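Visitor: Here's a structure for you.
Numbering (this note's numbering), first residue to last: 5 to 253.
Put into structure tokens, the structure is as follows:
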């Protein structure tokens with residue numbers, strides 16, 4: 005049995021990864037693990053994250069999801085494979101039916117209205133992240149797009165499962181329990197599995213230089229995930245506070 009067949013026989017898990025996925029994960033390990041240890045994630049898991057910091061994150065994530073859905077829509081133009089197209093449509097449906105539903109419940113509980121969201125704008129860091137992904141979606145090939153969106157899906161699944169296990173004794177009283185519950189599920193992880201499987205298949209047919217580029221693309225995405233939470237914890241809209249007005253123009 006080949007390595008690839010073995011993976012398919014046992015199933016892809018967070019600790020059982022095919023070769024190229026393992027290469028990407030190992031390359032991003034430093035920022036990945038520092039991301040899990042940063043204050044936003046630690047306090048979210050403990051249930052001690054201040055609500056105003058989580059509300060800042062929610063607004064940014066709501067805006068992020070709009071662009072994330074567009075990236076998947078653009079991916080449809082990169083392929084004639086019906087299975088891939090179906091997956092991309094499914095991700096968009098999940099964004100609007102599941103994740104945005106979770107957001108709406110939280111936003112309403114914090115008194116954040118639809119009008120507030122219409123007037124909200126992205127932080128400089130969130131915009132850098134989504135602009136990068138949209139640029140890949142417009143100018144890259146299908147493999148580029150799959151790698152660009154993988155960090156979000158994979159990091160959330162990993163952190164969700166780890167937080168649920170680490171803080172299992174206090175999760176019932178955690179005000180962010182529904183957030184953790186959403187991302188700890190195997191159902192959510194399967195989106196990453198689908199991406200990993202298809203990236204593995206496509207990456208097997210490109211040269212070493214292209215694979216190096218994909219690894220760098222993946223690391224960049226994980227770095228953006230780190231900055232997304234870090235800037236939310238600091239409630240940082242721009243690189244410097246005095247630039248906020250300029251950033252809005």
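Just so it is clear, CB atoms sit at the ideal spot from N, CA and C, and this is done for glycine as well.
Because the structure is a prediction, the values reported are computed rather than measured.
Under the rule that 16 or more other beta-carbon atoms within 10 Å means buried, what is residue 100, buried or exposed?
Guide: Taking the first residue of the chain shown as position 1, residue 100 is located at position 96. Residue 100 is exposed by the Cβ-count criterion.
Visitor: Between residue 183 and the rest of its own chain, which residues show a CB-CB distance below 6 Å, the 5 nearest in sequence each way excluded?
Guide: To locate residue 183, count along the chain shown from 1; it is residue 179. Excluding sequence neighbours, residue 183 sits near nothing in its chain.
Visitor: Spatial neighbours of residue 15 within its chain, please: CB distance less than 6 Å, with the 5 preceding and 5 following residues excluded, ordered by chain position.
Guide: Taking the chain shown and counting its residues from 1, the one referred to as residue 15 is at position 11. Same-chain partners within the cutoff: there are none.
Visitor: Please give the ranges of any beta strand (DSSP E) in the stretch 50-85, keeping only runs that are unbroken, at least 3 residues long and fully inside the region.
Guide: Listed in chain order, nothing qualifies, since the stretch 50-85 has no complete beta strand (DSSP E) run of 3 or more residues.
Visitor: Can you tell me whether residue 84 is buried or exposed, with buried defined as 16 or more other CB within 10 angstroms of its CB?
Guide: For the purposes of this step, residue 84 is taken as the residue at position 80 of the chain shown. Exposed.
Visitor: Grab the span of the alpha helix (DSSP H) containing residue 227 for me, first residue to last.
Guide: Along the chain shown, one-based indexing puts residue 227 at 223. 212-237 is the span of the alpha helix (DSSP H), which, as asked, contains residue 227.
Visitor: Does the beta-carbon distance from residue 137 to residue 152 come in below 7 Å?
Guide: Residue mapping note: residue 137 aligns to position 133 of the chain shown, counting from 1. Residue mapping note: residue 152 aligns to position 148 of the chain shown, counting from 1. In contact: residue 137 and residue 152 (Cβ atoms closer than 7 Å).
Visitor: For residue 208, which option in 227, 23, 19, 18 has the closest C-alpha, if you only look at C-alpha atoms?
Guide: Against the chain shown, residue 208 aligns to sequence position 204. With distances taken between Cα atoms, residue 208 lies closest to 23.
Visitor: Measure the CB-CB distance between residue 180 and residue 48 and report whether it falls below 7 Å.
Guide: Position 176 of the chain shown, counted from the start, is the residue given in the question as residue 180. Position 44 of the chain shown, counted from the start, is the residue given in the question as residue 48. Taking 7 Å as the Cβ cut-off, residue 180 and residue 48 qualify as a contacting pair.
Visitor: If you check the beta carbons only, do residue 82 and residue 237 fall under 7 Å apart?
Guide: Within the chain shown, numbered from 1, the residue matching residue 82 stands at position 78. Within the chain shown, numbered from 1, the residue matching residue 237 stands at position 233. The answer is no: Cβ separation not under 7 Å.
Visitor: If you count every other CB in all the chains shown that lies within 10 Å of the CB of residue 189, and 16 or more means buried, which is it?
Guide: As a first step, residue 189 is located in the chain shown; it is residue number 185 there, counting from the start. By the Cβ neighbour-count rule, residue 189 is exposed, with fewer than 16 other Cβ atoms within 10 Å of its own.
Visitor: To the nearest angstrom, how far is the alpha carbon of residue 158 from that of residue 196?
Guide: On the chain shown, position 154 is the one that residue 158 refers to. On the chain shown, position 192 is the one that residue 196 refers to. Distance between the alpha carbons of residue 158 and residue 196: 5 Å.
Visitor: In chain order, what residues of the same chain have a beta carbon less than 8 Å from the beta carbon of residue 42, not counting five sequence neighbours either side?
Guide: Taking the first residue of the chain shown as position 1, residue 42 is located at position 38. Residues of the same chain with a CB within less than 8 Å of the CB of residue 42, apart from the 5 flanking positions on each side, are 230, 233, 234, 237 in chain order.
Visitor: In the DSSP assignment, the alpha helix (DSSP H) including residue 190 goes from what residue to what residue?
Guide: One-based indexing of the chain shown puts residue 190 at position 186. Its alpha helix (DSSP H) spans residues 190-207.
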